[in-house]
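Peer 1: Here it is, the structure in full.
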Amino acid sequence: MQNHAYRSRQLGLPLATVFAAILVAVGALIGASGAANAQQTTASSDRIWQDLKGDVFGDRAILVDSGVVRIEAPKRAQDAAIVPVDIYIDPAKAPAGIKSVTLIIDVNPAPVAATFEIGKDAGVTHLSTRVRVDDYSYLRAIAETQGGELHMAQTFVKASGGCSAPALKNQDEAMATMGQMKLRQFPPQETMTKAQELQLMIRHPNNSGLQRNPLTQYFIPAHFVQKLSISQADRLILSMEGGISISEDPNFRFDFTAHGTGQIQVEAIDTDGKVFRNQWPLEATGL
Amino acid sequence: MPIDRIRRKLVNGFACTAVSAAMLPCCLGRSALAAAYGLEFKLRKVADGVFAFQGVDELMSAANQGAISNLGVVVGTDAVAVIDSGGSLIEANALIAAIGKISASPVRYLINTHMHPDHVFGNAAFRQISATIVGHHNLPRAFEARGAFYLQSFREQIGDALIKGIEIIPPTILVDDRLQLDLGGRVLELQAWKAAHTDNDLTVFDSATRTLFAGDLVFIGSVPTLDGSLLGWLRQMDALAAIGAVRVVPGHGPVPADWPAALTAQRRYFEILARDIRKAIADGMPLRDAVKTAGASERGNWHLFDDYNERNATAAFAELEWE
């Protein structure tokens with residue numbers, strides 16, 4: 001836990017440097033081999049990943065397709081600004097539990113989309129959210145077990161192309177409603193399990209700030225939810241750090257195991273330091 | 001193949017205009033580029049002094065040279081106004097050449113109806129002829145956030161040859177709510193809308209002939225694309241219908257069409273899409289599943305349905321979840 005937080009902070013500091021390096025790398029790729037080639041192959045996404053993984057995970061071994069974690073996304077993104085992504089954890093394959101899951105989108109200007117920490121005994125086996133995808137890219141989920149092993153799953157997403165841009169649709173509305181939250185609670189689907197589903201929605205422009213203004217060449221300032229925690233009665237279910245590629249109006253749907261009948265509490269902090277809090281009673285599940 | 005055709009036409013264009021070019025060097029580029037438009041560029045008269053070009057119902061490509069949206073021209077006694085610049089410089093220059101054949105007045109205004117590439121990629125050609133660009137007050141902001149992405153993503157879609165020279169050029173006259181442009185003998189009424197197709201939609205009404213240039217607030221035949229607000233579009237549909245036009249030049253589809261009958265099909269499409277998405281949300285269905293079926297009953301009614309419906313459903317889901 002301590003170690004994880006430290007690692008995240010370490011990552012946070014040189015983040016701008018990493019972004020810049022990636023931007024340069026992508027630029028060089030496009031310049032060297034022609035945009036069409038660079039954008040259509042899995043190889044260019046993989047090249048970025050090979051350069052990136054040391055920055056994120058050092059020289060630690062990453063086990064691929066071990067079944068501990070699975071990731072799903074549409075083969076072709078429909079709306080570049082809202083690409084649904086589902087991450088599944090198989091508890092049977094990670095008996096000690098999963099500590100965190102990092103979501104990476106290779107070709108985005110800031111590839112580390114978000115890191116999710118999963119509460120002990122929270123019972124989270126499925127997390128779905130929505131992300132911005134700038135171009136043809138692998139989406140990768142890297143799960144870290146309590147024992148410190150890294151497991152990765154990946155899926156390739158073709159960019160939506162055309163005039164679907166990974167940008168805000170209705171900027172005035174996004175600013176006017178910022179900070180509103182909504183929690184939906186879904187009853188358990190199988191009667192034998194205690195797990196139930198929650199969907200947390202937060203109104204926020206969640207602008208990555210990595211679009212370069214073509215008129216001034218300056219980057220548009222970043223403004224996104226960079227810390228989020230979802231707990232039940234002060235017991236962590238799920239938290240998130242990063243969040244740069246999470247779509248406008250961040251949206252998280254996940255299963256969890258309720259412990260008692262305590263309230264669901266949410267705290268979100270954005271890059272301007274604004275704090276948004278809310279809480280809701282746990283709805284009766286019939287258990 | 002299309003590139004070869006462009007090259008060949010360019011060579012022809014240069015050869016044909018070589019003599020006049022010697023005297024009027026500034027015309028060389030324009031005539032040559034106009035000739036480079038390998039497809040027939042047909043500017044049709046839709047009313048007295050009002051002309052329109054009808055784009056093809058396709059996605060932008062090298063083959064169609066980006067000419068997929070409808071463009072408009074209104075001729076006054078002093079000046080000409082152009083509505084949208086098209087999806088490439090080749091198309092824009094073909095338009096400028098065609099205008100030269102119907103009027104000797106200068107093109108004073110280029111009006112951008114919204115931010116999408118098929119409507120604004122020709123802007124640089126109009127800067128070249130010193131036209132003033134007019135747009136919604138949100139348009140510069142939209143270009144800031146998306147312009148670089150458009151140039152990158154369309155390089156792949158339409159090819160290096162066609163993207164070359166295309167620039168994102170923002171308007172210098174901004175429309176906050178309404179604005180009148182006097183062309184001499186006729187006044188255009190511009191209206192800025194709240195978020196609908198995009199958050200920077202602008203319409204142009206020529207009261208002299210009661211012709212409405214609706215931009216992409218109106219789609220006919222080609223499925224509407226949602227890049228703003230479904231609720232906003234539905235909410236403003238009545239206000240749009242109340243415009244006292246007799247004909248409309250839609251952003252996509254047949255030119256011209258009867259008004260306000262032109263709105264019927266898209267209103268139905270959006271109502272069905274909203275109904276299907278609302279039901280999915282109420283049933284607790286996740287976005288990724290809901291978008292597979294929402295609006296499916298409309299498939300037979302639209303061109304490009306499979307290209308855009310799922311995207312529309314995705315945007316609609318994210319919006320309607322907050323109701």
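Top to bottom, those sequences are chains A and B. Numbering-wise (the UniProt record's numbering), the first sequence opens with residue 1 and increments by one. Numbering-wise (the UniProt record's numbering), the second sequence opens with residue 1 and increments by one. Idealized CB from N, CA, C, for every residue including glycine. This one's a predicted model, so the numbers in the text were calculated from it and none came from an experiment.
Can at least three beta-carbon pairs, one atom from the stretch 268-280 of chain B and one from the stretch 112-125 of chain A, be found at a separation below 8 Å?
Peer 2: No contact exists between the stretch 268-280 of chain B and the stretch 112-125 of chain A.
Peer 1: Taking just the CA atoms, how far does B/Tyr-109 sit from B/Ile-96?
Peer 2: Translated into positions along the second sequence, residue 96 of chain B becomes position 96. Translated into positions along the second sequence, residue 109 of chain B becomes position 109. Straight-line Cα distance between these residues: approximately 12 Å.
Peer 1: Quick check: the stretch 214-231 of chain B against the stretch 170-186 of chain B, are there 3 or more CB pairs under 8 Å?
Peer 2: As far as the Cβ criterion goes, the stretch 214-231 of chain B does not touch the stretch 170-186 of chain B, which means the pair count is below three.
Peer 1: Alpha carbon to alpha carbon, how far is B/Ser-153 from A/Lys-158?
Peer 2: Counting from one through the second sequence, the residue named residue 153 of chain B turns up at place 153. Counting from one through the first sequence, the residue named residue 158 of chain A turns up at place 158. The straight-line gap from Cα to Cα measures roughly 12 Å.
Peer 1: I'd like the list of long-range same chain contacts for A/Asp-272, defined as Cβ closer than 7 Å, with 5 residues on each side in sequence excluded.
Peer 2: Residue mapping note: residue 272 of chain A aligns to position 272 of the first sequence, counting from 1. These residues qualify, in order along the chain: His-223.
Peer 1: Can you find at least 3 beta carbon pairs, one from the stretch 205-220 of chain A and one from the stretch 166-174 of chain A, that sit closer than 8 Å?
Peer 2: Yes, they touch.
Peer 1: Determine, using beta-carbon pairs with one atom in the stretch 49-67 of chain B and one in the stretch 133-146 of chain B, whether at least three such pairs fall under 8 Å.
Peer 2: At 8 Å Cβ cutoff, the stretches do not touch.
Peer 1: If I follow the unbroken alpha helix (DSSP H) through B/Ala-92, where does it start and stop?
Peer 2: Here residue 92 of chain B corresponds to residue number 92 of the second sequence, with the count starting at 1. Start and end: 89-102.
Peer 1: Cα separation between B/Gly-184 and B/Thr-209?
Peer 2: The residue labelled residue 184 of chain B in the question sits at position 184 within the second sequence. The residue labelled residue 209 of chain B in the question sits at position 209 within the second sequence. C-alpha separation (whole angstroms): 14 Å.
Peer 1: Determine the burial state of B/Asn-301: buried for a count of at least 16 other Cβ atoms within 10 Å of its Cβ, exposed for fewer.
Peer 2: For the purposes of this step, residue 301 of chain B is taken as residue 301 along the second sequence, with counting starting at 1. Label assigned to B/Asn-301: exposed.
Peer 1: For B/Ser-69 and B/Ala-79, I'd like the C-alpha separation in whole angstroms.
Peer 2: Counted from its first residue, the second sequence places residue 69 of chain B at position 69. Counted from its first residue, the second sequence places residue 79 of chain B at position 79. Distance between the alpha carbons of B/Ser-69 and B/Ala-79: 23 Å.
Peer 1: Which residues in chain A sit within 8 Å of B/Gly-147, going by Cβ to Cβ distance?
Peer 2: Position 147 of the second sequence, counting from 1, holds the residue named residue 147 of chain B. Result: Asn-213, Pro-214, Leu-215.
Peer 1: Which one of B/Ala-192, B/His-116, B/Val-107, B/Glu-310 has the shortest CA to CA distance from residue 331 of chain B?
Peer 2: Here chain B covers residues 1 to 323 and nothing more, so residue 331 of chain B does not appear.
Peer 1: Run through chain B and tell me which residues come within less than 8 Å of A/Pro-74, C-beta to C-beta.
Peer 2: Counting from one through the first sequence, the residue named residue 74 of chain A turns up at place 74. The answer, in chain order, is Arg-288.
Peer 1: For A/Pro-187, is the classification buried or exposed, using 16 other Cβ atoms within 10 angstroms of its Cβ as the cut-off for buried?
Peer 2: Counting from 1 along the first sequence, the entry for residue 187 of chain A is found at position 187. Burial call: exposed.
Peer 1: Quick one: any contact between the stretch 198-206 of chain B and the stretch 111-124 of chain B, if contact means 3 or more CB pairs under 8 Å?
Peer 2: Yes: at least three Cβ pairs fall under 8 Å.
Peer 1: Against chain A, does B/Ile-168 count as a neighbour if the rule is that its beta carbon must be under 9 Å from one of theirs?
Peer 2: In the second sequence, counting from the first residue as 1, residue 168 of chain B sits at position 168. At least one chain A Cβ lies under 9 Å of B/Ile-168.
Peer 1: With distance defined between alpha-carbon atoms, name the residue in A/Lys-274, A/Ile-230, A/Thr-129 nearest to A/Val-266.
Peer 2: Counting from 1 along the first sequence, the entry for residue 266 of chain A is found at position 266. Of A/Lys-274, A/Ile-230, A/Thr-129, the residue nearest in Cα terms is A/Ile-230.
Peer 1: Using beta carbons (cut-off 9 Å, strictly below), is A/Thr-125 in contact with chain B?
Peer 2: Translated into positions along the first sequence, residue 125 of chain A becomes position 125. Output row for A/Thr-125: interface = no.
Peer 1: Could you tell me the distance, in whole angstroms, from the CA atom of A/Ser-164 to the CA atom of B/Ile-99?
Peer 2: Within the first sequence, numbered from 1, the residue matching residue 164 of chain A stands at position 164. Within the second sequence, numbered from 1, the residue matching residue 99 of chain B stands at position 99. About 31 Å.
Peer 1: Going by the beta-carbon positions, is the gap between A/Gln-232 and A/Gly-260 smaller than 9 Å?
Peer 2: One-based indexing of the first sequence puts residue 232 of chain A at position 232. One-based indexing of the first sequence puts residue 260 of chain A at position 260. Cβ atoms of A/Gln-232 and A/Gly-260: closer than 9 Å.
Peer 1: Use the C-beta contact count for B/Ser-297: other C-beta atoms within 10 angstroms, 16 or more gives buried, fewer gives exposed.
Peer 2: The sequence position of residue 297 of chain B within the second sequence is 297, counting from 1. Classification for B/Ser-297: exposed.
Peer 1: Could you check how far apart the C-beta atoms of A/Ile-87 and A/Val-69 are, in whole angstroms? I think they sit under 8 Å.
Peer 2: Indexing the first sequence from 1 puts residue 87 of chain A at position 87. Indexing the first sequence from 1 puts residue 69 of chain A at position 69. Going by Cβ atoms, the distance from A/Ile-87 to A/Val-69 rounds to 7 Å, so yes, they are a contact pair.
Peer 1: Quick one: which residues of the stretch 218-246 of chain B get their C-beta closer than 9 Å to a C-beta of chain C? List them in chain order.
Peer 2: No chain C appears in the structure shown, which is made up of the protein chains A and B.
Peer 1: Is it buried or exposed for B/Thr-77, if we count other Cβ within 10 angstroms and need 16 for buried?
Peer 2: Looking up residue 77 of chain B in the second sequence gives position 77. Looking at its Cβ environment, which holds fewer than 16 other Cβ atoms inside 10 Å, B/Thr-77 is exposed.
Peer 1: Where does A/Gln-226 land, buried or exposed, given buried means 16+ other C-beta within 10 angstroms?
Peer 2: Here residue 226 of chain A refers to the residue found at position 226 of the first sequence. A/Gln-226 should be labelled buried.
Peer 1: I'd like to check one pair, B/Ala-318 with A/Glu-248: are the Cβ atoms closer than 9 Å?
Peer 2: The residue labelled residue 248 of chain A in the question sits at position 248 within the first sequence. The residue labelled residue 318 of chain B in the question sits at position 318 within the second sequence. For A/Glu-248 and B/Ala-318, yes; Cβs fall inside 9 Å.
Peer 1: Hey, does A/Ala-28 have any beta-carbon neighbour from chain B nearer than 9 Å?
Peer 2: Counting from 1 along the first sequence, the entry for residue 28 of chain A is found at position 28. For A/Ala-28, the pLDDT reaches just 40, beneath the cut-off of 50, and the residue's location in the model is therefore unreliable, although a value from the coordinates is still provided. For A/Ala-28, the answer is no, since every Cβ of chain B falls outside 9 Å of its Cβ.
Peer 1: Helix, strand or coil for B/Glu-310 per DSSP?
Peer 2: Looking up residue 310 of chain B in the second sequence gives position 310. Of the three classes helix, strand and coil, the one that applies to B/Glu-310 here is helix, per DSSP.
Peer 1: What's the call for B/Glu-323, buried or exposed, on a 16-neighbour Cβ count within 10 Å?
Peer 2: The residue you call residue 323 of chain B lines up with position 323 of the second sequence. Exposed, by the Cβ-count rule.
Peer 1: Tell me, please, whether the CB atom of B/Thr-264 is closer than 9 Å to any CB atom in chain A?
Peer 2: Mapped onto the second sequence, residue 264 of chain B falls at position 264. Taking Cβ atoms only, chain A never reaches closer than 9 Å to B/Thr-264, which makes this a no.
Peer 1: Hey, how far is the Cα of B/Asn-93 from the Cα of B/Val-204?
Peer 2: On the second sequence, residue 93 of chain B is found 93 positions in, with the first residue counted as 1. On the second sequence, residue 204 of chain B is found 204 positions in, with the first residue counted as 1. Those two C-alpha atoms are separated by around 22 Å.
Peer 1: Can you confirm whether B/Asp-176, when its beta carbon is compared against all beta carbons of chain A, has any partner nearer than 9 Å?
Peer 2: Counting from 1 along the second sequence, the entry for residue 176 of chain B is found at position 176. Closer than 9 Å: no.
Peer 1: Using Cβ-Cβ distances below 9 Å, what residues of the stretch 146-180 of chain A are close to chain B?
Peer 2: Going along the stretch 146-180 of chain A in chain order, one finds Ala-159, Ser-160, Gly-161, Gly-162, Cys-163, Ser-164, Ala-165, Pro-166, Ala-167, Leu-168, Lys-169, Asn-170, Gln-171, Asp-172, Glu-173, Thr-177, Gln-180 with a Cβ nearer than 9 Å to chain B.
Peer 1: Let me know the secondary structure DSSP gives A/Tyr-88 once reduced to three states.
Peer 2: The residue given as residue 88 of chain A occupies position 88 in the first sequence. Of the three classes helix, strand and coil, the one that applies to A/Tyr-88 here is strand, per DSSP.
Peer 1: Nearest to B/Ile-129 by alpha carbon, out of B/Ala-148, B/Leu-151, B/Ser-105?
Peer 2: The residue labelled residue 129 of chain B in the question sits at position 129 within the second sequence. If we check each option's Cα against that of B/Ile-129, B/Ser-105 comes out closest.
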